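> First to last, the sequence lines map onto chains A and B. Quick note: the first sequence uses our numbering, first residue 397, plus one each step. Quick note: the second sequence uses our numbering, first residue 8, plus one each step. Ideal placement from N, C-alpha and C gives every residue a C-beta, glycine not left out. What you are looking at is a predicted structure, and each value in this text was computed from that prediction instead of being measured.
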Amino acid sequence: MADGPIRRGKRRLPVEWLGILPFAIFAFLFLILPTLRIVTGAFQDVDGGFTLQNLYDLNTDSIRAAYWTSIKLSLYSASLGCAIGFAMAAAVVFGGLPKAVRSPLLTFSGVASNFAGVPLAFAFIATIGPAGLITMELRDVGINLRAYGFNLLSFWGLVITYLFFQIPLMILIIIPALDGLKREWREAAEVLGATGLQYWRMVALPILFPSILGTFALLFANAFGAVATAFALTGPQLNIVPIKLFAQIRGDVLGNPNLGYALAFGMIAITVVANTVYIVLRVRSERWLK
Amino acid sequence: MTRFLAWFALIFGCLYFLLPLVGMAEFSLKMRRGEYSFDAYARVFEDPTFWATFSYSLVLAGATIVMGIFLVVPTAYWVRLKLPQARPFVEFVTLLPLVIPAIVLVFGYIRLYNTSSWLPLTGSALGTDFLLTMGYTTLALPYMYRSVDTGLRTIDVGTLTEAAQSLGAGWITILGRIILPNVMVAVLSGAFLTLAIVLGEFTMAALLNRPAFGPYMQLLGANRAYEPPALAVIAFAITWGCMGLMQLVTRFSKHERAKA
C-alpha cells in the first residue's frame, strides 16, 4: 500500500512544511517550551544567572532519600511487574492453556493498565487497607497483618498497588514478542539435541532479552512519574520525588523556587535515560521479531 | 508439569487482579451496618459536586478529543502525503509525553503561563481550562497519533487525494469528507482512550486548581470511608466501557471491510 513517500519532491519547497506548522506550534508551546523552562530554570539562580548551585542543593538528606525511595519503588515494581507479567504471558502462549483464556486476558490487561490513579488507590485501601476485605478476613482467622508490620500506606504497599498497572502493561507488550518466537527455532534446537531448558537459556531468552529489558525500562519510567496513585494512597507524607515536587509546586515547601526546577530536572533526566534504553532495545528486538 | 506451572501463574495473577476489584465492590456496599446496600452509591449520586466535576471533566474530554482530531489527522495525513522526511521529527515529538512526566509538564505550564508572563493563561478560569485542555491533548497525543497513523496506513492516501483533487475538491473537503471518514475507526479508538485518560486524570487538574473529576475523587477519599470505593467501582466501569467501545469499533470495522 501507500506506505512510503508518495511523491518525493525533488524541489524541496519550504511551502510543504507549512502543513505541519499547527502541529509544530502546538508542540513548541505545550511540550518543548515548558520542558525547556524547567531545564533552564534548574541552571539559573534567583537573578537568572547561570549556576550549578541548584543541582548541588539537591544533595540534602531528605531529597537524596526521596530520589532513592522513588528509584527503589520503580525498580521493584518494574522487576516484579516484568517477572509476573512474563510468567502469565508465557503461561498463556506456551502453557497449553485453553485458547479461550487469551483474548479475555488481553482485554482485561488493556483495561487494568489504564485503571490507575486515584480509584486504584481506593480499590487497594478497600482490600488490604486497615479495614479492608482481606485484612478483616485474615483477622477473623487470627492473622493480624498489622502485627506482622504490613501497612498499605508504605513502600511495599505502593509496590503492590503499582503492580496492578505494571503487570498488564508487561503482558500487553510481551505477548506479541512471545508470539514472534518461531517454532522452527525450537525444532532446530531440539534436532541439535537441546533440552527445553537449554532452548530457553540459549535461544529464546537471548532473543527476548531486548524486549524484556526494554519493557522493564518503560515500566520503570511509568512508575517513576506516577503521582496520583501514591498521593491518593498516602497523602503528601510519603517521601518520593513526584510527591515532593507536587508539594513544591503547590506551596514552595523547599523554600527555593529554583530548587523545584532542579528536582523536576532530575526527574526528566531519569525518565529520559529509562526511555532511551527502551527505544534503543525496542529497535533491536524488532530486528528478530518480524 | 508445564501445564501445572502455567495454571499456577495464571490463577495467581487472576487472584491478584480480582481481589482488589472484589474488595472495592464489597466495601462500597457496606455503608449500612449489618447488610449490603447501595447507600454509598446513592450518596455519591446525590452529591451535586459529583455531577459538577464529572460533567466538567466530560466537557474537557470532549474538547481534548476535538483538539486532538484537528491536530493529529491533518498532520499525520500531511506527513504521509507530502513530508515523509518530517516523520522522525513528528514521531519523536509525539513520544515526548511518555518521556516527560505529566507533573513536570504542568510545572512548566504554571511557570510559563502564569499571570505575570507574556501569555497569562492561568489568570482566568477560561484560560486555565484552555491550558488544561492543551495539557490533556499532549497526554493523549502518543495514543491518538499512533492510532490515526496506523489507520492511514491501511488506505491509499495518495490515490484518494488525487482522485478528490481531480474532481475539484479543496484541502478542507479532502480532509473532512475523504480522509476523516476513512480513518474514523482509528480516530474513535483514540478518542475513547483519550476519554478514559482525561476522566481519571488527577495531577494536572489538581495543580492548575480546576474542579475536575480526579481531584474530586482524591478529596472525597481523604474525607470519607464508603463513597471512595463506590467511586472506584464507577471509575472502573467507565474505564471498562471506554476500552469495550474501543474494541467494538475495531471489530465493527473489520466486519465492514470483510463485507466490502
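Which residue marks the beginning of the alpha helix (DSSP H) containing PHE511 of chain A, and which one marks its end?
Looking at the DSSP string, PHE511 of chain A is not in any alpha helix (DSSP H), and its letter there is neither H nor E.
> Applying a beta-carbon distance threshold of less than 8 Å, which residues of chain A neighbour ARG217 of chain B?
The contacting residues do not exist; ARG217 of chain B stays about 14 Å from chain A at best.
> Under the rule that 16 or more other beta-carbon atoms within 10 Å means buried, what is GLN594 of chain A, buried or exposed?
exposed
> So which residues of chain A does TRP247 of chain B contact, with C-beta pairs closer than 8 Å?
VAL507
> Around the Cβ of GLY405 of chain A, are there at least 16 other Cβ atoms within 10 angstroms (buried) or fewer (exposed)?
A caution first: GLY405 of chain A carries a pLDDT of 49, below 50, which makes its placement in the model unreliable, though a value can still be read off. Exposed is the call here.
> Identify which residue in A:ALA624, A:LEU429, A:LEU615 has its Cα closest to the Cα of LEU471 of chain A.
A:LEU615
> Per DSSP, PHE446 of chain A is paired with what?
A:GLN440
> Where does TRP125 of chain B sit, in a helix, a strand or coil, going by DSSP?
coil
> If you measure between the beta carbons of GLY477 of chain A and TYR544 of chain A, is that distance less than 9 Å?
No.
> On the criterion of 16 or more Cβ atoms from any shown chain inside 10 Å, does ALA423 of chain A qualify as buried, or is it exposed?
buried
> Give a yes or no on whether the minimum CB-CB distance between ALA267 of chain B and chain A is below 9 Å.
Caution applies to ALA267 of chain B, whose pLDDT of 49 falls short of 50 and renders its modelled position unreliable; the value that the coordinates give is listed next. By this cut-off, ALA267 of chain B is not an interface position.
> Less than 9 Å between CB atoms is the rule here; does PRO515 of chain A satisfy it with respect to chain B?
yes
> Should TRP464 of chain A be flagged as near chain B, meaning a C-beta pair shorter than 9 Å?
False, the Cβ-Cβ gap to chain B never drops below 9 Å.
> Span of the alpha helix (DSSP H) holding GLU208 of chain B?
Where GLU208 of chain B is concerned, there is no enclosing alpha helix (DSSP H), given that its DSSP letter is neither H nor E.
> Give every residue of the same chain whose Cβ lies closer than 8 Å to the Cβ of PRO95 of chain B, excluding the five residues on either side of it in the sequence, and list them in chain order.
none
> Quick one, which of B:ALA16, B:LEU252, B:ILE241 has its alpha-carbon nearest LEU493 of chain A's?
B:ALA16
> Under a Cβ-count criterion, where at least 16 other Cβ atoms within 10 Å of its own Cβ denotes burial, should GLU234 of chain B be classed as buried or exposed?
By the Cβ-count criterion, GLU234 of chain B is buried, with 16 or more other Cβ atoms from all chains shown falling within 10 Å of its own Cβ.
> Mind checking if ILE186 of chain B is an interface residue toward chain A, Cβ cutoff 9 Å exclusive?
False, the Cβ-Cβ gap to chain A never drops below 9 Å.
> Between the beta-carbon of LEU502 of chain A and the beta-carbon of LEU568 of chain A, is there less than 9 Å?
yes
> Express the C-alpha separation of ASN654 of chain A and TYR674 of chain A in angstroms, rounding to a whole number.
30 Å
> Does DSSP put ILE434 of chain A in a helix, in a strand, or in coil?
helix
> Is the segment 195–203 of chain B touching the segment 140–149 of chain B in the sense that three or more CB pairs, one from each, lie closer than 8 Å?
In short, these stretches touch, since the Cβ pair count reaches three.
> Can you give me the C-alpha to C-alpha distance between VAL29 of chain B and GLY69 of chain B, rounded to a whole angstrom?
31 Å
> At a CB distance below 8 Å, what residues from the segment 435–446 of chain A approach chain B? Give them in sequence order.
GLY437
> Taking 9 Å as the CB-CB cut-off, is ARG50 of chain B touching chain A?
no
> From the beta carbon of MET663 of chain A, is the nearest beta carbon of chain B less than 9 Å away?
yes
> Going straight from the alpha carbon of ALA573 of chain A to that of ALA438 of chain A, what length do you get?
40 Å
> For my contact list, GLY228 of chain B and PHE642 of chain A are in at a C-beta cut-off of 8 Å; report their separation, rounded to the angstrom.
Their Cβ separation, rounded to whole angstroms, is 16 Å, which puts GLY228 of chain B and PHE642 of chain A out of contact at 8 Å.
> Please name the residues in the segment 635–651 of chain A whose beta-carbon is closer than 9 Å to at least one beta-carbon of chain B, in chain order.
PRO638, LEU641, PHE642, GLN644, ILE645, ARG646
> LEU677 of chain A: which of A:ALA619, A:SER505, A:PRO632, A:ILE608 sits nearest, CA to CA?
A:ILE608
> For GLY656 of chain A, decide whether its Cβ has a neighbour in chain B, counting only Cβ atoms nearer than 9 Å.
yes
> Find the residues of chain A that neighbour MET38 of chain B, judging by a C-beta separation of less than 9 Å, and give them in chain order.
What MET38 of chain B touches in chain A: nothing, since even the nearest Cβ is about 12 Å away.
> Verify the CB distance criterion: does PHE518 of chain A have a CB-CB separation below 9 Å to chain B?
yes
> Going by C-alpha to C-alpha distance, which of B:LEU22, B:SER44, B:VAL80 sits closest to ARG184 of chain B?
For ARG184 of chain B, the nearest C-alpha among the options comes from B:VAL80.
> Thinking C-beta only, is GLY481 of chain A closer than 9 Å to MET250 of chain B?
no
> Roughly how many angstroms lie between the CA atoms of ASN121 of chain B and MET141 of chain B, to the nearest whole one?
Going from the Cα of ASN121 of chain B to the Cα of MET141 of chain B covers about 15 Å.
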